[in-house]
Every structure is written in structure tokens, then in C-alpha cells.
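Enquirer: Residues in the sequence shown are numbered consecutively from 304, following the numbering used here. Just so it is clear, CB atoms sit at the ideal spot from N, CA and C, and this is done for glycine as well.
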Amino acid sequence: MDLARRLAERGRYTVAPNPLVGAVVARDGSVVSEGWHSRAGGDHAEIVALNEAGGAARGATLYVTLEPCNHYGRTPPCVETILRSGLSRVVVGQLDPNPKMRGRSVEILREAGVEVEVASDPIFERQNEQYLHHMRTGRPFVHLKLATTLDGRIAASSGDSRWVTGEAARLRAHELRAEAGAVLVGANTVRTDDPMLTPRDLSVSPPRITRVVLDPNLMTSPESNLARSAHEAPVVVFAAEAGGRERELEERGVEVVLAPRSEEGLDLSCVLEELGGRGIKGLLVEGGGETATRFVRKGLADKMTLFYAPKLLGSEGVPMIGALRVTKMAESLQFSVSEVEKVGQDVALTLYPDAAREEERVHRAC
Ligand SMILES: NC(=O)c1ccc[n+]([C@@H]2O[C@H](COP(=O)([O-])OP(=O)(O)OC[C@H]3O[C@@H](n4cnc5c(N)ncnc54)[C@H](OP(=O)(O)O)[C@@H]3O)[C@@H](O)[C@H]2O)c1
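Spelled out as C-alpha cells, the structure:
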């Protein structure tokens, strides 16, 4: 199973919006064949492994990190191929919570006389956190990423933020974009940085990602890098009302979506529901500080990666997080540290919110 999990990792920066899946066919303690899912629309991991195994799959065991599919998508159901292959045992890392699927493949295989084991190891849950979250909630998994100084500043007082962190951390940010499959920023970041928000300089060819802007007053310029590249990779701008720029932006290929306002600006639950409905399973929120604050305050960040640069900008810099209306330590938002890693000259912290807030997030409706 560990080999299957490592094979699945090979698809991390190419497979969005599909899940990461790895598969191994083994017999008498030896590996017969291996497979992984590399790209949406491509062969599923178990099919790659079974094709390579051919007749040697008969009577062997298949280790696969996610429950095999039993429906026609862009490829035929894997369960049928498994049954034809003559495998005698299948070990599954994680059941697929897709409402159309749950438990069904395991049952079909068992009914056909195949021995099935479900490992249900949390490691497989974590590996596919994006896909599983989307299947359970209908919303993308929100990964908040910021590059900050030691004193929590994401830009200097002039708005200049190029660059807070070094090259290695910036490359890592490109990997996170590819992994998520969609990136979101606030209107000020578009105004100040004029970013492209595409994943670049990777050793693999990333999927085409969706770029999202929260821009209630529809101030995004049709001359911005985002608008000018909208025909190459989709750009969706959420606004509170259509403004004068709508037609020009749409002519560039930008999609303007009207979202309801809540007491705190655009209703983020509705934004997430809309994106989830489009099949967006992961969303990398890249700031700036105001946007990050709104996601954190609403308990809508499912994961955070903070790249800390060994620099100070002082209190006049742009804060990473604004007011959270916390007056006592007991009210502070709490996270657990999942990873600490030195990335070039910077340090990356990966964090998850505590369980209580998770519950709150899952139950909030649009
Ligand atoms: N170091 C980093 O990781 C990093 C990352 C990104 C940006 N930056 C820097 O951060 C600075 C920009 O950050 P910022 O905090 O000023 O702004 P920001 O978060 O980029 O944009 C804030 C604006 O986005 C809109 N917005 C976002 N969420 C909204 C919601 N739920 N409802 C309504 N409107 C929403 C509002 O637009 P309106 O103003 O039109 O109402 C708001 O003023 C720039 O200097 C940039 O260079 C740094």
C-alpha cells in the first residue's frame, strides 16, 4: 500500500481536478506491475497496472489507494476490468464518498467472489483531501497560502511585495497552484501586482487552472494580465453588481459572475458553492491580507501554508491577517502544525484548523 501511495504522489501536480490514485498488482510478495493516474481523462491507476500485468493478474492482489470507480465517466468503469482480470484480492486505501459510488464497488467485487479489504488509513484521506472534501461538501477545499515576513507583513507600505520570499518558496507556490487546479485573489492584489496566477517553471506539465478574483465593484482592468490571458486559462470575476467594465471584460473572455453580498462583503459561502458546482475541487487562496482575513474569519480555510521569510517590514507593512475581533486568548483561532520545512532561505509552515471549526465550516449553507 505504501508503494501505491507513493505512485499516486506522481500525479500531484498534474491530475487536478481528479483524485491522486496509485495501484500495484502483487503476487507472493513480489510486485507484478504498477500504475498511477496522471491526468484527468487519462487511464485510471488500476487500469494502467492491470494492462501492464496482463495474464499475470489472475489470482494476484491489487493494492489501490482509492476505491475503484463503477461508473462511466471519461473512461469506462474500473470494476469491470478488475472482474475480467481474474484478480483474487483487492486492498483499497480509502472508500470513495462520491454519493453515486460509496461502498458500491467494494460490494460488487465481494459479490463476485473477490476478497476485498479496506485499509481506511488516515494517510489516504490526507492524500486526497481536496477530492474527498469536494465529494462530501460540494465545495472546493480551500488552501490559504501567504508569503510573509517574520512580523506577519505580506507587502511593504507602498504595496510592493516582489519578493517577500526567495525563489525556492515561489516555485513551491507554483506547485500549489497546479495541485489545487484553481487560484483566488482579492481585487487589490490584481490592481497592485497584476499577476498571471498560472503555475509556471514546473518539471511537469500542469493542468489548465481557473483564476478567480473577488472584485465586488468590478474594477478589474480589461488590460490586466489576467484579462489578457483569459482565452488561455479561464478567469472568473465575482462581483456584487455588473459595472461598466463587464462587457469589455467579457469580450476578453473573462466570465463575470454576480454573487450576493453578506454583512461582510461578497458571500464567500455562495462563491465556494458556485465554484464547487463547476467541478472545482481545490482552491488556492493567495491573498492579499484582506481576502485571507475574510476566509479565516468565516472559518473557510481548510488548510494554510505560510512561507516565512527571515525579514522584517515593521507595522507599516500590509498585514497578513487583519482584524479578527478577538479580545481574549481563549477566543484565538487555533491551528495544528502539520509540517515545518526549510524551503531555500525561508520556512514553510503547513497548518490545519482545529476540529471544532471544521464542524462549523461543513455545516454552513450558502
Ligand atoms: N505576500 C503575499 O503572499 C501576498 C499575496 C497576495 C498579495 N500580496 C500583497 O497584498 C496587497 C494586497 O492585499 P490587500 O489586503 O490590500 O487586498 P486583497 O485581499 O488583494 O484585496 C482586497 C479586496 O478584495 C475584495 N474582496 C476580497 N474578498 C472580498 C469579499 N468577501 N467581499 C467583498 N470584497 C472582497 C475587496 O475589493 P474592493 O476594495 O473593490 O471592495 C477588497 O478590498 C498587495 O500589496 C499585494 O502585493 C501579498
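What residue range is occupied by the uninterrupted alpha helix (DSSP H) comprising MET438?
Expert: 432-440 is the extent of the alpha helix (DSSP H) around MET438.
Enquirer: If you check the beta carbons only, do THR596 and VAL588 fall under 8 Å apart?
Expert: The answer is no: Cβ separation not under 8 Å.
Enquirer: Figure out for me which residue from TYR655, ARG511, PRO320 and THR440 has the closest Cα to the Cα of ARG377.
Expert: Among TYR655, ARG511, PRO320 and THR440, the Cα nearest to that of ARG377 is on PRO320.
Enquirer: From LEU616, VAL650 and ASP657, pick the residue whose C-alpha is nearest to that of GLU634; which is it?
Expert: The shortest C-alpha separation from GLU634 is found at ASP657.
Enquirer: Classify THR317 as helix, strand or coil using the three-state DSSP reduction.
Expert: DSSP places THR317 in coil when its eight states are reduced to three.
Enquirer: Report yes if the C-beta distance between VAL621 and ILE457 is below 8 Å; otherwise report no.
Expert: Contact flag set, yes.
Enquirer: Could you give the DSSP three-state label for PRO537: helix, strand or coil?
Expert: In this structure, PRO537 counts as coil in the three-state DSSP scheme.
Enquirer: Hey, how far is the Cα of THR495 from the Cα of LEU449?
Expert: If I take the Cα positions, the gap works out to 16 Å.
Enquirer: Going by C-alpha to C-alpha distance, which of ALA471, ALA307 and GLU567 sits closest to GLU349?
Expert: It is ALA307 whose Cα lies nearest to the Cα of GLU349.
Enquirer: Hey, could you find the ends of the beta strand (DSSP E) HIS446 is sitting in?
Expert: Residues 444-452.
Enquirer: One question on the structure: do GLY585 and PRO443 come within less than 8 Å of each other, judged by their Cβ atoms?
Expert: Against a cut-off of 8 Å, the Cβ pair of PRO443 and GLY585 comes out as a contact.
Enquirer: Roughly how many whole angstroms lie between the Cα atoms of GLU420 and ALA490?
Expert: For GLU420 and ALA490, the distance between alpha carbons rounds to 49 Å.
Enquirer: Which residue's Cα is closest to the Cα of ALA543: ARG555, LEU517, VAL557 and PRO525?
Expert: Closest by alpha carbon: LEU517.
Enquirer: Does the separation of the CB atoms of TYR434 and PRO322 fall below 8 Å?
Expert: Contact flag set, yes.
Enquirer: Within 7 Å: the Cβ of SER527 and any heavy atom of ligand 1?
Expert: It does not: the Cβ of SER527 is nowhere closer than 7 Å to a heavy atom of ligand 1.
Enquirer: Hey, LEU390 and THR364 are a contact pair by Cβ (cut 8 Å); roughly how many whole angstroms apart?
Expert: About 7 Å separates the two Cβ atoms, so the contact holds.
Enquirer: Going by beta carbon distance, what residues of the same chain come within less than 6 Å of SER388, once the five residues before and after it are set aside?
Expert: LEU353 and ALA360.
Enquirer: List the DSSP bridge partners of MET607.
Expert: Partner(s): LEU447 and LEU654.
Enquirer: Going by other Cβ atoms of all chains shown within 10 Å of its Cβ, with 16 needed for buried, is TYR316 buried or exposed?
Expert: By the neighbour-count rule (16 or more Cβ atoms within 10 Å), TYR316 is buried.
Enquirer: What did DSSP end up calling GLU551 once you bin it into helix, strand or coil?
Expert: GLU551 falls in the helix class under three-state DSSP.
Enquirer: What residues match up with GLU420 in a beta bridge as DSSP calls it?
Expert: According to DSSP, which records beta bridges pairwise, GLU420 is partnered with VAL394.
Enquirer: Could you check the C-alpha separation between LYS614 and LYS645 for me, to the nearest Å?
Expert: In a straight line, the C-alpha of LYS614 is about 15 Å away from that of LYS645.
Enquirer: Under three-state DSSP, which class holds ALA259?
Expert: Nothing about residue 259 can be reported from this structure: the residues present for the chain run from 304 to 669 only.
Enquirer: Would you kindly report the start and end of the unbroken alpha helix (DSSP H) that includes ILE385?
Expert: That run of the alpha helix (DSSP H) goes 381-388.
Enquirer: State the DSSP-derived secondary structure class of PRO425, mapped to helix, strand or coil.
Expert: Three-state result, PRO425: helix.
Enquirer: Please determine, among ARG473, GLY462 and GLY325, the residue with the shortest C-alpha to C-alpha distance to LEU369.
Expert: Of the candidates ARG473, GLY462 and GLY325, the one whose C-alpha sits nearest the C-alpha of LEU369 is GLY325.
Enquirer: Taking the beta carbon of ASP605 as the centre, do at least 16 other beta carbons fall within 10 Å, making it buried, or is it exposed?
Expert: Classification of ASP605: buried, given that the 10 Å Cβ count is 16 or more.
Enquirer: With a cut-off of 8 Å, does the C-beta of PRO510 fall near any C-beta of chain C?
Expert: In the displayed structure, chain C is absent; only one protein chain is listed.
Enquirer: If you reduce the DSSP assignment to three classes, tell me which class ALA476 lands in.
Expert: The answer is helix: DSSP assigns ALA476 an H, G or I state.
Enquirer: CB of MET522 to nearest heavy atom of ligand 1: below 7 Å?
Expert: Correct: MET522 has its Cβ closer than 7 Å to ligand 1.
Enquirer: Helix, strand or coil for LEU636 per DSSP?
Expert: Residue state, collapsed to three classes: coil.
Enquirer: Ligand 1 and PRO519: does any heavy atom of the ligand fall closer than 7 Å to the residue's C-beta?
Expert: Yes - ligand 1 has a heavy atom lying nearer than 7 Å to the Cβ of PRO519.
Enquirer: Please report how far the alpha carbon of ARG429 lies from the alpha carbon of ARG480, in whole angstroms.
Expert: Each residue's Cα considered, the two are about 18 Å apart.
Enquirer: Classify TRP339: buried if its beta carbon has 16 or more other beta carbons within 10 angstroms, exposed otherwise.
Expert: Classification of TRP339: buried, given that the 10 Å Cβ count is 16 or more.
Enquirer: Note down the Cα distance separating GLN648 from ARG475, rounded to an integer number of angstroms.
Expert: Roughly 13 Å between the two C-alpha positions.
Enquirer: In whole angstroms, what is the alpha-carbon distance linking THR608 and PHE541?
Expert: In a straight line, the C-alpha of THR608 is about 24 Å away from that of PHE541.
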